[in-house]
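Residue numbers (the numbering used here): 1241 to 1540. Think of the CB as a built atom: it goes at the ideal place given N, C-alpha and C, for glycine as much as any other residue. Structure record follows, encoded as structure tokens.
Below is the structure:
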């Protein structure tokens, strides 16, 4: 464990850039792993989420725009041709452009709250399953969550793409080193005075990862497994509302096109189907999952 954490810290420091939270996370994981059998099994159970966090951070080692050209104008024009909305003067607008001209304060607030749910809610749902004794359902959910991310990350490198706010701010030219932008989510920060999204998006070093929208996938995966597990009806209803809210907010705030959202939904469904109906039918993989479940499900 210590060697693994040391390698992670070394690679991150050399290739991405060291931040204090890296050390705090490493210390926390080491303490949990070596404290008791219960906390050690918790760390092992959380491995899919830990791998997700590391892989997300390590995408900064090689940016997707260094691998393939960035789609800026083509995606914009395709969105407009498929989902364009005619303005009063006859001009055809993308849905993002339409919403930027027709904003409502209550939507700004609601959208901000929905977008804040995109990672915390799925993780909390996973912990609910794990500590509620639904270990098998938890592991299936956690590994599908990781698989969906890996599919989405591959999409970022196969087809780098600019978000709608980039077109609105910079046009169709590719500008290296473009900083992240809160876009429409800035209205939430202004209304609440919290500055949450400015902090989050100000540190985004790769803005050309709009396709697919993984924001649109995460709570959908949680919703699917809430329906497959022994979750109360209100939890599934809550996840359903949050999922729809995130889909709408992604477009409303100009962080994603409808195309991006649709492909994010497709990522979630493909990841779920691959795991449950392909991987789990491979005997060796099913046996591995059985051993994994048995280990992390021990009570002492």
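Open item on the list: Among 1405, 1344, 1292, 1249, whose alpha-carbon lies nearest the alpha-carbon of residue 1384?
Closed with: 1292
Beta-carbon contacts of residue 1540 that lie in its chain and below 8 Å, excluding the five residues immediately before and after:
Per-residue confidence for residue 1540 stands at a pLDDT of 43, beneath the threshold of 50, marking its modelled position as unreliable; no derived number is given.
Extent of the continuous alpha helix (DSSP H) to which residue 1336 belongs: 1335-1341
- Name the DSSP bridge partner or partners of residue 1457? Its beta-bridge partners do not exist; DSSP assigns none.
- Task: Count the other C-beta atoms from every protein chain shown that fall within 10 angstroms of the C-beta of residue 1403, then say buried if there are 16 or more, exposed otherwise.
- Result: buried
Pairwise C-alpha distance: residue 1329 and residue 1464: 43 Å
### Message
Given this structure, state the Cα-to-Cα distance separating residue 1511 from residue 1256, to the nearest angstrom.
### Response
28 Å
Which residues does DSSP pair with residue 1449 in a beta bridge? 1401
Problem - Buried/exposed call for residue 1284, threshold 16 Cβ in 10 Å - result: exposed
Which residue comes first and which comes last in the alpha helix (DSSP H) that contains residue 1312?
It is not in any alpha helix (DSSP H) - residue 1312 carries neither H nor E in the DSSP assignment.
Same chain only: Cβ atoms within 8 Å of residue 1311, ignoring 5 sequence neighbours per side
1399, 1400, 1401, 1402, 1451
* Per DSSP, what kind of secondary structure is residue 1286 in: helix, strand or coil? -> coil
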